[in-house]
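Take a look at the structure set out below.
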Amino acid sequence: MQTKKVRVRFAPSPTGGLHLGGVRTVLYNYLFARQHQGDFILRIEDTDQTRFVEGAEQYIYDCLNWVGLTPDESPLKGGKFGPYRQSERKPIYKQYADQLVANGQAYIAFDTPEELERMRVDFKTEQNPSPQYDRTVRNKMRNSLTLSPDEVKRLLEQGARHVIRIKMPENETIRFTDMIRGEVEFNSSLVDDKVLLKADGMPTYHLAVVVDDYLMEISHAFRGEEWLPSSPVHVLLWEYLFGLDKMPQWAHLPLILGPQGKLSKRDGAKYGFPVFAMNWTDPKTSELTEGFRERGFLPEAFINMLALLGWNDGTEQELFSKEELVEKFSIERVHSGGARFDFEKAKWFNHEWIKKLPVSSYAAAVKTYLLQKGITITDETRFEKVLELVKDRATLLPDFAEQAVFFFRAPTAWDLDAVKPKWNEAKTQFFQSVIEKFKPADWETVILESNFKEWASAAGLKPGEVLLPFRVMLVGGKFGPHVFDIAALLGREETIKRIQRFLQEV
Ligand code: GLU
């Protein structure tokens, strides 16, 4: 029974660019919140100072803005459960860690990095090639379980470096119901004694996520499946600190796979996985990466594609607007198996959305690609007509620049091989006469077409013989939309100029 107000959170660590999986988590959170008239919270999990990347938090905001999934509460927007940046909540966590120690559910560990390293070497066996700090090891280490209370007190007073670790119980079954996977259970003996509070006084993710989900009254927590192995620790912390009845419902989202299996770094570089280019070098790939936005994806297509990576509504429908997704999405219909990302399919979504949306919604983005070709748009109305005409031929936004460039710049090279072999004097004369006959009042696709064809047959030419040369004159090659639409948009003067210029060339 769900009586709590729905409150969900996206909780990224600002350590690099946002990738497909991250934005899909944002999307599922957002859809779920909107569907239940709930709140969608952005919490920045920046407690690991060693992984801090300058600019990464701003990148997250820019990203959410671009995809149009804005949180109701965030570090920027504030809200009554703030602060929303974990580094600013540092004093909150310690009392919970202390409470766990006082109750014997956690302990203080003084081991130095060298001692930990030695432990990994000394306890290594064939059966256990990478020993962890767990119930089999903890009694041989330097911690509040093995040292006398006086010694612990002395060390603490001396300011000795220490961490707080959870004391995982032995042989208990830890269970919870995952919204996607159903009943999940773990044997507590197989989980190590994870650090909860680090030597710098910052909590680790494990403590912070539980404390903050509680204090922020999170009702449902959706996160990547890589967190499933840590979930027994979180369930125990819920039980110890706040009571299991307060625990949010979990959903562990499946991995996103590449066409050949796991998405590799190489796939990332190839397909531009980050949402858009980062203005820093990604420490993980040491490359400046190009993202979906730069590749010319529309945000509408991007979220539609992401929604379907692991979910469908049970019908064949593939195109969904954000509003439809809010209505139809259900977390229970997310598959537990990995979802396969297919770049060609992503392009298909984009092409569909290019056709579906009014061209005015992406005209500004297309202008930037034309600008890269040195073309500045001044006449908006004409520009939108051009976009309308070529949009069927554009899969990604930069395709528009290729498909539309000849409307703004006359060709300077022509596919002469397509025309020359069949060129003759009759054709030269025909086009010269056409120039004479073109009247300003006839400047409309249908009239132009019927006149042109009529003049051709009067000159004893089949329309097919002169249509291709006409196209090459106007655009330079054998491509583009309906040739009379092109002429209509170019205008009479420009059309005549291009015919004349070509006649000097052929
Ligand atoms: N900070 C974690 C991450 O970036 C968040 C996981 C969660 O949503 O609980 O993966």
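Per this note's numbering, residue 1342 is the first one in the sequence shown, and the count goes up by one each step.
Heads up, the beta-carbon is just placed ideally off N, CA and C, and yes, glycines get one too.
These numbers were taken from a predicted model, which means no experiment stands behind them.
N- and C-terminal bounds of the alpha helix (DSSP H) containing residue i
| i | result |
| --- | --- |
| H1360 | H1360 -> no alpha helix (DSSP H), and no H or E assigned at all. |
| I1433 | K1431 to A1443 |
| L1728 | E1721 to V1731 |
| R1839 | R1833 to E1846 |
| H1575 | S1572 to L1582 |
| R1634 | F1633 to R1636 |
| R1812 | P1804 to V1816 |
| T1466 | First-last for T1466: undefined, no H or E at that position. |
Integer-rounded CB distance, given that residue j should sit under 8 Å from residue i
| i | j | result |
| --- | --- | --- |
| A1349 | F1563 | Looking at the sequence provided, one finds Val at residue 1349 rather than Ala. Their Cβ separation, rounded to whole angstroms, is 7 Å, which keeps V1349 and F1563 in contact under 8 Å. |
| A1447 | I1507 | 5 Å |
| K1874 | L1830 | Since the first and last residues shown for the chain are 1342 and 1847, residue 1874 lies out of range. |
| S1529 | H1547 | Not confirmed; about 14 Å, so no contact. |
| F1464 | G1599 | That belief does not hold up - the Cβ atoms of F1464 and G1599 are roughly 37 Å apart, past 8 Å. |
| E1659 | L1649 | 6 Å |
| G1362 | G1565 | 6 Å |
| P1472 | R1461 | 6 Å |
| F1771 | A1751 | Going by Cβ atoms, the distance from F1771 to A1751 rounds to 21 Å, so no, they are not a contact pair. |
Nearest residue (CA-CA) to residue i, options the options
| i | options | result |
| --- | --- | --- |
| Y1369 | Q1436, H1593, R1522 and L1548 | H1593 |
| E1392 | G1357, K1418, Q1713 and Q1399 | Rather than Glu, the amino acid found at residue 1392 in this sequence is Arg. Out of G1357, K1418, Q1713 and Q1399, G1357 has the C-alpha closest to the C-alpha of R1392. |
| K1346 | P1570, S1560 and F1517 | S1560 |
| W1694 | M1646, F1682, V1675 and G1651 | M1646 |
| K1838 | M1814, K1688, P1570 and F1451 | M1814 |
| G1817 | D1683, A1759, L1410 and W1652 | A1759 |
| P1510 | A1450, G1500, D1533 and S1774 | D1533 |
| Q1390 | W1591, T1545, L1598 and P1762 | T1545 |
| W1652 | A1767, T1366 and R1750 | T1366 |
| N1691 | R1522, V1675 and K1732 | K1732 |
| E1513 | L1531, L1496, R1502 and T1836 | L1531 |
| E1524 | M1543, E1729 and L1569 | L1569 |
| V1504 | R1636, K1435 and Y1400 | K1435 |
| H1360 | I1597, D1783 and D1756 | I1597 |
| V1667 | W1579, F1373, F1820 and L1737 | F1373 |
| Y1371 | F1771, F1670 and E1846 | F1670 |
| A1501 | Q1473, A1450, L1457 and R1674 | A1450 |
| G1423 | E1458, I1385, E1456 and T1453 | I1385 |
| L1556 | I1433, R1674 and F1749 | I1433 |
| E1790 | P1781, A1800, P1804 and E1777 | P1804 |
| L1383 | E1395, V1394 and L1405 | L1405 |
| Q1841 | A1800, G1821 and F1811 | F1811 |
CA-to-CA distance, residue j to residue i, given in whole angstroms
| i | j | result |
| --- | --- | --- |
| G1832 | Y1425 | 57 Å |
| A1397 | D1826 | 47 Å |
| D1475 | Q1427 | 27 Å |
| D1720 | V1700 | 15 Å |
| N1444 | D1553 | 21 Å |
| S1798 | N1792 | 10 Å |
| G1409 | F1643 | 11 Å |
| L1844 | L1808 | 15 Å |
| W1407 | F1638 | 11 Å |
| H1676 | L1497 | 49 Å |
| E1665 | D1654 | 11 Å |
| H1575 | Q1499 | 32 Å |
| W1621 | Y1437 | With a pLDDT of only 49 at W1621, under the threshold of 50, the placement of this residue in the model should not be trusted; the figure read from the coordinates follows. Straight-line Cα distance between these residues: approximately 37 Å. |
| S1354 | D1387 | 5 Å |
| I1521 | I1672 | 7 Å |
| T1769 | V1847 | 9 Å |
| E1635 | F1747 | 23 Å |
| D1491 | I1401 | 48 Å |
| M1588 | E1456 | 36 Å |
| L1712 | P1454 | 55 Å |
| L1757 | K1696 | 32 Å |
| W1591 | R1516 | 12 Å |
| G1419 | N1469 | 47 Å |
| I1788 | H1823 | 14 Å |
| K1603 | R1674 | 22 Å |
For residue i, the first and last residue of its enclosing beta strand (DSSP E)
| i | result |
| --- | --- |
| G1599 | I1597 to G1599 |
| E1458 | Element bounds for E1458: not the beta strand (DSSP E) but the alpha helix (DSSP H), P1454 to D1463. |
| F1749 | Element bounds for F1749: not the beta strand (DSSP E) but the alpha helix (DSSP H), L1738 to F1749. |
| V1504 | V1504 to I1507 |
| L1410 | No beta strand (DSSP E) holds L1410; DSSP gives it neither H nor E. |
| I1382 | D1380 to L1383 |
| H1593 | Q1590 to L1594 |
| R1350 | R1348 to F1351 |
| E1526 | G1523 to N1528 |
| L1537 | V1536 to L1538 |
| I1449 | A1447 to A1450 |
Test: residue i CB closer than 9 Å to a CB of chain B
| i | result |
| --- | --- |
| L1537 | As a matter of chain content, chain B is missing from the structure shown, which is built from one protein chain. |
Just checking, does the stretch 1369-1377 make contact with the stretch 1537-1549 on the three C-beta pairs under 8 Å criterion?
-> no
For the 8 Å Cβ check, are there 3 or more pairs between the stretch 1694-1709 and the stretch 1738-1746?
-> When C-beta atoms of the stretch 1694-1709 are compared with those of the stretch 1738-1746, three or more pairs fall below 8 Å, so the two segments count as touching.
Taking 8 Å as the threshold, find out whether the stretch 1414-1422 comes into contact with the stretch 1473-1490 through three or more Cβ pairs.
-> no
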